[in-house]
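If you use my numbering, the first sequence closes out at 1697, no skipped numbers anywhere.
Where is the CB? At the ideal position from N, CA and C, for every residue including glycine.
I have placed the structure first, in the form of structure tokens, so that the comments after it can refer back to it.
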Amino acid sequence: MSRFRLQDLNPEQLRAARHDSGPLLILAGAGTGKTRTIVARISCLVSEGVPPSRILAVTFTNKAAREMKERIAGMVDSEQAREITASTFHALCVRILRADADRIGYKNNFSIFDEGDQTGLIKKVIARVTAQDEKVDPGLAKAMISKAKNNAWSPPPEDQSVLGAVYARYQRELKAMNAMDFDDLLGQSVRLLTENPDVRSKWQARFSHMMVDEFQDTNRLQLDLVGLLASGSPPNVCVVGDDDQSIYGWRGAEMSNILEFESHFPNPEIIRLEQNYRSTMPILATANRLIKNNPRRRVKNLWSSVRSGDPVHVVSMPDDKTEAEFVVGEAGAIRNAHNLPWEHFAVIYRMNAQSRLLEENLRRMKIPYRLVGGKSFFDRREVKDVLATISCLVNPQDDNALLRIINTPPRGIGPSTVEVALEISARDNKSLFDTLTAPEFADHTTRKTAEAIRRFAEDVAATRIYLLTPQANASALVMRFLTDSGYFDDLKRSCKTPEESLNREAGVREILNALAAHQSRRAGDLQDFLDELSLNREREEDKKDQAAGLTLITLHAAKGLEFPHVFLIGAEDGLLPHERSKTEGTVDEERRLFYVGITRAMKSLTITHCRQRLKFGSASHCRPSPFLREIEGEEVVSESYEQIAARPASAEEADAAFANLLAMLKEEP
DNA sequence: AGGTGAGCATTTTTT
DNA sequence: ATGCTCACCT
1029 MSRFRLQDLN PEQLRAARHD SGPLLILAGA GTGKTRTIVA RISCLVSEGV PPSRILAVTF
1089 TNKAAREMKE RIAGMVDSEQ AREITASTFH ALCVRILRAD ADRIGYKNNF SIFDEGDQTG
1149 LIKKVIARVT AQDEKVDPGL AKAMISKAKN NAWSPPPEDQ SVLGAVYARY QRELKAMNAM
1209 DFDDLLGQSV RLLTENPDVR SKWQARFSHM MVDEFQDTNR LQLDLVGLLA SGSPPNVCVV
1269 GDDDQSIYGW RGAEMSNILE FESHFPNPEI IRLEQNYRST MPILATANRL IKNNPRRRVK
1329 NLWSSVRSGD PVHVVSMPDD KTEAEFVVGE AGAIRNAHNL PWEHFAVIYR MNAQSRLLEE
1389 NLRRMKIPYR LVGGKSFFDR REVKDVLATI SCLVNPQDDN ALLRIINTPP RGIGPSTVEV
1449 ALEISARDNK SLFDTLTAPE FADHTTRKTA EAIRRFAEDV AATRIYLLTP QANASALVMR
1509 FLTDSGYFDD LKRSCKTPEE SLNREAGVRE ILNALAAHQS RRAGDLQDFL DELSLNRERE
1569 EDKKDQAAGL TLITLHAAKG LEFPHVFLIG AEDGLLPHER SKTEGTVDEE RRLFYVGITR
1629 AMKSLTITHC RQRLKFGSAS HCRPSPFLRE IEGEEVVSES YEQIAARPAS AEEADAAFAN
1689 LLAMLKEEP
């Protein structure tokens, strides 16, 4: 990467980079060089003598944190770059909590519950707390608990309402397991820093300048955290975001954090980045026209020095099947006409279910594609088993992990024993492991079961001792624990086909290899490894080789990405403003979603909507999205599929079709 | 225990 | 249409 020069920045970017102290709000429209500006600012701070170790950059995703680190490394001295902290909110919280969680009544080796663990525990709690005839939806309870935590509401005193009781009990059980869910990582960090001025001072002294990316996505706890960590008076907090791209309100993001930034951090400097380096003017004009219709926003107007470009196409389709065929055909035509790689194309949609018809067509046409957002490697059974095993070895109080592995493989500690133990552990407020291993537990079981428990506990304890020595070969120890316990035999037995068995063993190997690699990288302990995995679950499509092809992606997942040629499909009333958003009163957020979609396109943008679509198995009529009315303008061309199909192919298109044919012939062996 | 079928809901998902 | 959950059966 070429050495960065300040002259390369535009005047607003430069002003942001040079801002020295006190709060700074950078309103960075889509494609306006946001990351570039943050990194430039960091580089300025360093050259002005701020020690790099005292600079903190916070992001939402690990990917963003990684990219930021890379770009920083390209800009400042590598020695200094290493000292700069670039981390996600959650990873930062884990660091804070691993050091001092004991100050708020947790042990520092607490476990982190992912959403699967969380749902599992909630279900269990519901079963315990509610009467037989009462029905509580676990999903609803989970959403409510998350909302409560994100607003820093404590569990209400018991038996006010069923949900309140579920929340209270859930939190009690988590605590008993010495575990935190994702929301707790934030909430407990806030509590730790609020209740312990000395801890707070320690962290405030650690960082002198703080940068927050994607500020429009922060929730209440994250805002609190920023306030608690920021140091300097006025605080040196630089936040970057775009309220027009706030699309995670349903997950607790508070747009008011950015809209009312001044009330949280008084007298900030506010800088707008409006020059766009991504899209042509027709695309930007379309986006601007749409987003103007939102009432609560910080007005921005994107512009580009690229004045000309293809018009935005809006095409009306008879049905969703035709839509998929058309989009795939159009992408192929553009590709052939300009000899482009498939990577230049993306199809963006509101719901994952919309990808299916596209996939069918792409497969039929033998077009390579990558589907963003599939199932995670970490949801595989054997991966969960191995991770639960490691968790259990690190923190035996982690009932959740213990429950997963206690009779997998079968050890003679069956459900009835577990049931009894669970009851006693709830009554005595002790962990499952402690309950099972207490001498008096033998009174509740047969001799045989007691012996099985003793053996298991011994195995865990013995492995644990080795494992916790610093130079231990952890992956070998875990491997031996699994083998000795008969895990692999059990795994093989449960597989229908030999391939499946091989596949699952490969999954185990992959985790253990990752563990070995982690240990050789830094003689880290297992805790680090588990933290990294629970906070950094790279999707399979991310880590596999990238030469993937055309991208199929949801509007949400597309935020932050860009593609030369974009197809935005399903722009229908009830789908793009999603039906549910209308009843929930969040149509503005849907408009922002549409805005995000439009601004992903660099060179060409085609928006389609269907007059009919298969919904829940049966055909239903669809009206165009009301947003399509809002984008109408001179650089938007509306047509129907029938008009396009009836038009004689242009010479260019005919050539392209011919080339396409040739290419297909060549690919066939 | 683990498999099968009826019944049911069905947006988006950074950590 | 499809996939998921739960209850009930082998």
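Asked, Found
"What is the DSSP secondary structure of CYS1121, counted as helix, strand or coil?", "helix"
"Let's see if you can read the secondary structure: which residues bound the beta strand (DSSP E) around CYS1638?", "1629-1638"
"Three-state secondary structure (DSSP) at CYS1420?", "helix"
"With DSSP collapsed to three states, give me the class of SER1653.", "coil"
"So, HIS1606 versus ARG1378, is the Cβ gap smaller than 8 angstroms?", "yes"
"Would you give the residue range spanned by the beta strand (DSSP E) that GLU1143 belongs to?", "That residue, GLU1143, is in no beta strand (DSSP E); its alpha helix (DSSP H) goes 1143-1157."
"From what residue to what residue does the beta strand (DSSP E) around THR1579 run?", "1578-1582"
"When you compare only the Cα positions, how much space is there between THR1063 and ARG1200?", "41 angstroms"
"On a Cα-Cα basis, can you pick out the residue from ASN1295, LEU1312 and PHE1293 that is closest to HIS1302?", "It is Glu, not His, that sits at residue 1302 in the sequence shown. Among ASN1295, LEU1312 and PHE1293, the Cα nearest to that of GLU1302 belongs to LEU1312."
"Please report the distance separating the alpha-carbon of PRO1346 from that of LEU1583.", "23 angstroms"
"From the DSSP output, which residues share a beta bridge with TYR1397?", "LEU1578"
"By a C-beta neighbour count over all protein chains shown, 10 Å radius and 16 as the cutoff for buried, is THR1314 buried or exposed?", "buried"
"Using only the alpha-carbon positions, how far apart do ASP1426 and ASN1206 sit?", "7 angstroms"
"Roughly how many angstroms separate the alpha carbons of SER1217 and SER1259, rounded to a whole number?", "17 angstroms"
"Does the separation of the CB atoms of ILE1132 and ALA1114 fall below 8 angstroms?", "no"
"Can you tell me whether GLN1671 is buried or exposed, with buried defined as 16 or more other CB within 10 angstroms of its CB?", "exposed"
"Quick check on the DSSP output: what are the complete alpha helix (DSSP H) runs of length 4 or more inside the stretch 1062-1101, in order along the chain?", "1062-1075 and 1090-1101"
"Taking GLU1143 as the reference, which of LEU1496, LYS1412 and GLY1602 has the closest Cα?", "LYS1412"
"Less than 8 angstroms between the beta carbons of PHE1373 and THR1579, yes or no?", "yes"
"Measure the alpha-carbon distance for PHE1235 versus LEU1084 and round it to whole angstroms.", "6 angstroms"
"What does TRP1331 pair with, by DSSP beta-bridge criteria?", "GLN1303"
"Should ASP1573 go down as buried or exposed, given a rule of 16 or more other Cβ atoms within 10 Å for buried?", "Residue placement at ASP1573 cannot be trusted, given a pLDDT of 45 that sits under 50; the coordinates are not used to answer."
"Whose C-beta lies closer than 8 angstroms to the C-beta of ILE1376 among residues of the same chain, with five residues either side of it excluded?", "ILE1581, THR1582, LEU1583, ALA1586, VAL1594, PHE1595, LEU1596, ILE1597, GLY1625 and ARG1628"
"What separation, rounded to the nearest whole angstrom, lies between the Cα atoms of ASP1048 and GLY1269?", "19 angstroms"
"Straight-line CA distance for ASP1128 to ASN1321?", "47 angstroms"
"Measuring CB to CB, does SER1653 end up less than 8 angstroms from HIS1637?", "yes"
"Hey, is the stretch 1426-1442 in contact with the stretch 1540-1556, meaning 3+ C-beta pairs nearer than 8 angstroms?", "no"
"When DSSP labels each residue in this structure, what does THR1113 get in the three-state scheme?", "strand"
"Going along the chain, which residues of its own chain have a beta-carbon closer than 6 angstroms to the beta-carbon of ARG1043, five neighbours each way excluded?", "ILE1299"
"To the nearest angstrom, report how far apart ASP1553 and GLN1232 are at their CA atoms.", "27 angstroms"
"What runs of the beta strand (DSSP E), each 3 residues or longer, lie entirely inside the stretch 1247-1322?", "1265-1269 and 1297-1301"
"Whose C-alpha, out of ARG1082, THR1497 and PHE1354, is nearest the C-alpha of VAL1422?", "THR1497"
"Hey, could you find the ends of the alpha helix (DSSP H) MET1507 is sitting in?", "1502-1512"
"Measure the alpha-carbon distance for THR1060 versus GLU1590 and round it to whole angstroms.", "12 angstroms"
"Taking the alpha carbon of GLU1111 as the point to measure from, which residue in ARG1082, LEU1120 and ALA1454 has its own alpha carbon closest?", "ARG1082"
"Taking only three categories from DSSP, how would you classify LYS1135?", "coil"
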